[in-house]
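In the order they appear, the protein sequences are chains A and B. Every number in the working numbering is 457 more than the matching position in the first sequence, counting from 1. Every number in the working numbering is 2 more than the matching position in the second sequence, counting from 1. Note that CB positions come from ideal geometry on N, CA and C, so glycine has one too.
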Amino acid sequence: MADKKFTLHWLALQNVRRKPYRNLGLAALVGIFSAILFGGSILNSQLGKGLESLSDRLGADVLIVPYGHEQIAKAALLRGEPGTYYMRKEALSRIREFPGVTAATPQFFLASLSASCCAERVQIIGFDPDSDFLIRPWIQNKITQLRDGEVVAGSKIRAGAGEEIFFFETTYRVAAKMDATGLGLDTSIFMPLSALYALMRDNPDIVRQIDSPEQYISSVAVKIDPALSPRDVGNAVMRAYAIEYNLDLIVAETIVSETARRLHTLSAAVYWIAAGVWALAFLVISLIFSVTVSERKHELSVYRLLGAQRSWLARLLQWEAFFICAGGALAGILAASCVVFPFSALIFTSLKLPYLGVSGLMAAGHALSVLAIAGVSGPLACLNTVWSVTRFDVYNTLREGE
Amino acid sequence: MRLRINHLTKRYQRGDSWFDAVRNASFSLDDGALVSMVGRSGSGKTTLLNMVSGLLCPDSGEILVDGINLFSMDDKKRSDFRNEKIGYIQQGRSLLGNLTALDNVRLPFHLQRRSGDSLQRARGLFADLGVSHLENSYPAELSGGELRRIALARALINAPAIVIADEPTSDLDIDTAHEILELFSRLNAQGVAFLVATHDPELSRCGGMALKMDAGELTKATELLSPFG
Numbered sequence: 458m459a460d461k462k463f464t465l466h467w468l469a470l471q472n473v474r475r476k477p478y479r480n481l482g483l484a485a486l487v488g489i490f491s492a493i494l495f496g497g498s499i500l501n502s503q504l505g506k507g508l509e510s511l512s513d514r515l516g517a518d519v520l521i522v523p524y525g526h527e528q529i530a531k532a533a534l535l536r537g538e539p540g541t542y543y544m545r546k547e548a549l550s551r552i553r554e555f556p557g558v559t560a561a562t563p564q565f566f567l568a569s570l571s572a573s574c575c576a577e578r579v580q581i582i583g584f585d586p587d588s589d590f591l592i593r594p595w596i597q598n599k600i601t602q603l604r605d606g607e608v609v610a611g612s613k614i615r616a617g618a619g620e621e622i623f624f625f626e627t628t629y630r631v632a633a634k635m636d637a638t639g640l641g642l643d644t645s646i647f648m649p650l651s652a653l654y655a656l657m658r659d660n661p662d663i664v665r666q667i668d669s670p671e672q673y674i675s676s677v678a679v680k681i682d683p684a685l686s687p688r689d690v691g692n693a694v695m696r697a698y699a700i701e702y703n704l705d706l707i708v709a710e711t712i713v714s715e716t717a718r719r720l721h722t723l724s725a726a727v728y729w730i731a732a733g734v735w736a737l738a739f740l741v742i743s744l745i746f747s748v749t750v751s752e753r754k755h756e757l758s759v760y761r762l763l764g765a766q767r768s769w770l771a772r773l774l775q776w777e778a779f780f781i782c783a784g785g786a787l788a789g790i791l792a793a794s795c796v797v798f799p800f801s802a803l804i805f806t807s808l809k810l811p812y813l814g815v816s817g818l819m820a821a822g823h824a825l826s827v828l829a830i831a832g833v834s835g836p837l838a839c840l841n842t843v844w845s846v847t848r849f850d851v852y853n854t855l856r857e858g859e
Numbered sequence: 003m004r005l006r007i008n009h010l011t012k013r014y015q016r017g018d019s020w021f022d023a024v025r026n027a028s029f030s031l032d033d034g035a036l037v038s039m040v041g042r043s044g045s046g047k048t049t050l051l052n053m054v055s056g057l058l059c060p061d062s063g064e065i066l067v068d069g070i071n072l073f074s075m076d077d078k079k080r081s082d083f084r085n086e087k088i089g090y091i092q093q094g095r096s097l098l099g100n101l102t103a104l105d106n107v108r109l110p111f112h113l114q115r116r117s118g119d120s121l122q123r124a125r126g127l128f129a130d131l132g133v134s135h136l137e138n139s140y141p142a143e144l145s146g147g148e149l150r151r152i153a154l155a156r157a158l159i160n161a162p163a164i165v166i167a168d169e170p171t172s173d174l175d176i177d178t179a180h181e182i183l184e185l186f187s188r189l190n191a192q193g194v195a196f197l198v199a200t201h202d203p204e205l206s207r208c209g210g211m212a213l214k215m216d217a218g219e220l221t222k223a224t225e226l227l228s229p230f231g
C-alpha cells in the first residue's frame, strides 16, 4: 500500500533528506558530541573494568621487591613492561615466618629477547606451583600441574592452548591460557620456577646480573592476616629485613588507589568535556534550528493553509530535529568506534593505565544511551523555536512570500 | 455548506496611522456558487480571503459556517474546517519543494485521519486536469500553468465545499489562464463553489456574483446568469 508511507515521520524524513546541506552542519555537530560521549564512556568502562580486575587480581596484599625497583615492578605489573630485578632467596623464608603473614609466594622475572608469539619482548615469569596463589586462580582451563616443557600464556600472547611457543632456543607447549586481566600479566608467559632455573642453567648468558640464579627471586607476593593492616605488617617486615636483604615494599591497596585516582581524574575530564560539548551543541542546535526554521516560515505557512494544526506542525519539526540528531549521533558513534576499539591498547599504554575490553552488550548499551541523549536533545533544543514558529502570523508570512 | 460573512473589518497600522484593509464586508456563499472579487492590487482581496479561510482573525464582524462562528472555534476545529471544507489556491508558488507533485496533492488528505486511498484520488485528479505525466516531477521542474493545475488538484483532494483562489491567473499567459478558467467552470458545474479574487476584469465576466473591492470597501458589482460564460 503506497498510502502507508504518508506518515508524519516519513514527511519529516523527506524534509531532512531533500535539504542535505541545511542539515549537515547540525548533524555534524551532534556527531562530534556523540563521538566524544560514546568514545569517552567506552574508554571509561574499559578503565573501570581494568581497575576492577586490578583489585580482584593482584591477589596479594603486599609485594616485596628489591630496593629501588618499586616503579619498575609496578610498570611490569600494570603494563607488562619487561623488568628484571633480583633479590636473595633467603628473604622468602624469613617473610613467610613473619607474624601476620599468612602466605608468601616467590616469582622470578625474565625478559625474553624475542619470542615466536610476539613482536616485542615478553615477560617470562617463573612461579612456585606449590605456594602460588596469583596465577592458578585465573587459568582458563584448570590444569592440575604443568609438565616439563609446558607454559601458561597470558591472554594477549598469540599462541593458544595446545600450540607451541619458542623462546631462548627452546620450544614450549602452551598448556593453558590466562583470563584477560587488563594488567601486565596479559602479556606474560608463566612457567614453574624449577623449569625456569633449569633453562637458565642450560643458558648461562640469559641472566648476566647474577651468578647463580637459583639463589635469587624477583619478588615475593604476600598475603596478610585479614585482621591486620597490610601496610602495618609490610612496614614491620621492612623494618626487620629491608637493610639485610635490600628490600622495598609495594602495598597493593596503594596501587589500586593510585590507579583509581588517575582513573577518576580521567573519567571526570572525559565527562566534563562531553558535558561542555553537549551544552555547546544544545545552544548551537537551538540557534541553527531557529535560523533554518525562520527561513522555512513560508513552507510552514503552506502546511497551515492546508489545514495542519499547530500541534501537527510542532510534531513535524520535532521529528525533523530527532532525525537530524539521531543521524548525527549514529555517525558519531560509528566514527568513535573506528578509533576507540582498534586503538584502545595504544591509548591506554600512553595513559599508563590498565584496561579491559568491554562486552558487545555493554558497548551496545553505551551506543543506545548516546543515541537516546542525542535523540532527545534535538527536539528539546528546538522546543522554543517550535513554540514560536507554530504561532507566527501565517497570513503575513504568505504575503511576504508572494 | 452555507458561509455568511457579516460586517468583517480588519485594520492595520502603517506608521503612525491606522487604515482599514477590509471595512464592513458582507456577503454569503452557498453550495455550488461562484463569487468573483475584483480589485486592484492592495485593495484588500487577499486579506478578506484569508479571513474567510480562518487564517486571519478579523477585528470585528463574524464568519458563520452553517451558523457557527468560525472564530469561536479553537485551532483544531478551524484547521479541520480549512482542511475539510476549503480548497485554497494561493497566489504565486505554493507547492512544497520537498515533495513531488503527486505527494503535494496527497498531503492535505493525510493532515487528518481519513480512511480511503489518497493515491487513487490524487491520480484521478491528475487525469481530470490532464497532468498525469507530472506525477513524479518536483515543483521546481514545473511551469506556471502546470504549478497552478497541481495546486488546483491539491485544493480538490479532500472534495471541499469551497475552492478559494487568490489571483489564479495573475502570472499566466492568456491561453493558460483560459484553460485554468475552463477547469474552474467545469468544476463549478459539478457543484464546487468558488470564491475567486482577481485584478483581471476578464475573470469577473466569467459569471456568478461579481464583487468589487476598492480600498477595503466591498461592493456588489453585478450578478451574471451564466457562470464562466
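The three-state secondary structure of A:Lys462, taken from DSSP, is helix. Listed as beta-bridge partners of A:Pro649 by DSSP are A:Phe584. A:Ser676 places its beta carbon less than 8 Å from that of A:Val522. Counting along the chain, the unbroken alpha helix (DSSP H) around A:Glu715 starts and ends at 709–752. Our two residues, A:Ala738 and A:Tyr728, have alpha carbons roughly 15 Å apart in a direct line. Around the beta-carbon of B:Lys78, fewer than 16 other beta-carbon atoms lie within 10 Å, marking it exposed. In the three-state scheme derived from DSSP, where H, G and I count as helix and E and B as strand, A:Phe590 is classed as coil. With contacts defined as CB atoms closer than 8 Å, A:Gly497 and A:Gly785 fail to qualify as a contacting pair.
Of the candidates A:Phe555, A:Ser612, A:Met635, A:Leu774, the residue whose Cα lies closest to the Cα of A:Pro594 is A:Met635. A:Ala532 and A:Val664 have their C-alpha atoms spaced approximately 20 Å apart. For A:Gly832, the uninterrupted alpha helix (DSSP H) run begins and ends at 817–838, by DSSP. If you draw a straight line from the Cα of A:Cys839 to the Cα of B:Val165, it is about 35 Å long. Scanning B:Ser19, B:Ala27, B:Asn8 for the CA closest to the CA of B:Glu219 turns up B:Ala27. Between the alpha carbons of B:Asp173 and B:Arg42 lies a distance of about 15 Å. Against chain B, the CB of A:Arg767 has a partner CB under 8 Å away; the residue lies at that interface.
Three or more pairs of CB atoms, one per stretch, sit closer than 8 Å, so the segment 638–655 of chain A contacts the segment 599–615 of chain A. Using a Cβ-Cβ cut-off of 8 Å, A:Asn472 is close to Asn100 of chain B, given in chain order. For B:Tyr90, the closest alpha carbon among the candidates B:Asn138, B:Ala179, B:Val54 is that of B:Val54.
Look at B:Lys78: its C-beta is under 8 Å from a C-beta on chain A.
Of the candidates A:His526, A:Glu620, A:Ser686, A:Ile742, A:His526 places its Cα closest to the Cα of A:Leu704. Non-local C-beta neighbours of B:Pro162 in its own chain, meaning closer than 6 Å and more than five positions away in sequence, comprise Lys87, Ile88, Gly89, ordered along the chain. Remark: C-beta atoms of A:Leu770 and A:Leu504 do not approach each other more closely than 8 Å. The criterion of a C-beta distance shorter than 8 Å is satisfied by A:Asp643 and A:Ser612. Annotation for B:Gly147: the continuous alpha helix (DSSP H) segment containing it runs 146–158. Taking the C-beta atoms as reference points, A:Met657 is found no nearer than 8 Å to A:Leu603.
A Cβ of chain B is located within less than 8 Å of the beta carbon of A:Arg475.
Taking the Cα positions, A:Ala530 is about 39 Å away from A:Ser491. Nearest in C-alpha terms to B:Gly94, of all of B:Lys222, B:Ala142, B:Ser62, is B:Ala142. Counting C-beta pairs with one atom in each stretch, the segment 759–766 of chain A and the segment 109–122 of chain B have three or more that are closer than 8 Å, which means they touch. The beta carbon of A:Leu481 lies closer than 8 Å to none in the same chain, with the five residues before and after it left out.
Here A:Val750 is not near A:Val833, since their CB atoms are 8 Å or more apart.
Listed in chain order, the beta strand (DSSP E) elements of length 3 or more contained wholly in the segment 70–132 of chain B are 88–91.
The beta-bridge partner set that DSSP reports for A:Tyr629 consists of A:Ile622. Cβ-Cβ distances below 7 Å link A:Trp776 to Leu465, His466, Ala469 in the same chain, with the five nearest sequence neighbours on each side left out; the list follows chain order.
In the three-state reduction of the DSSP assignment, A:Asn692 falls in the helix class. DSSP, read as helix, strand or coil, puts A:Asn480 in helix.
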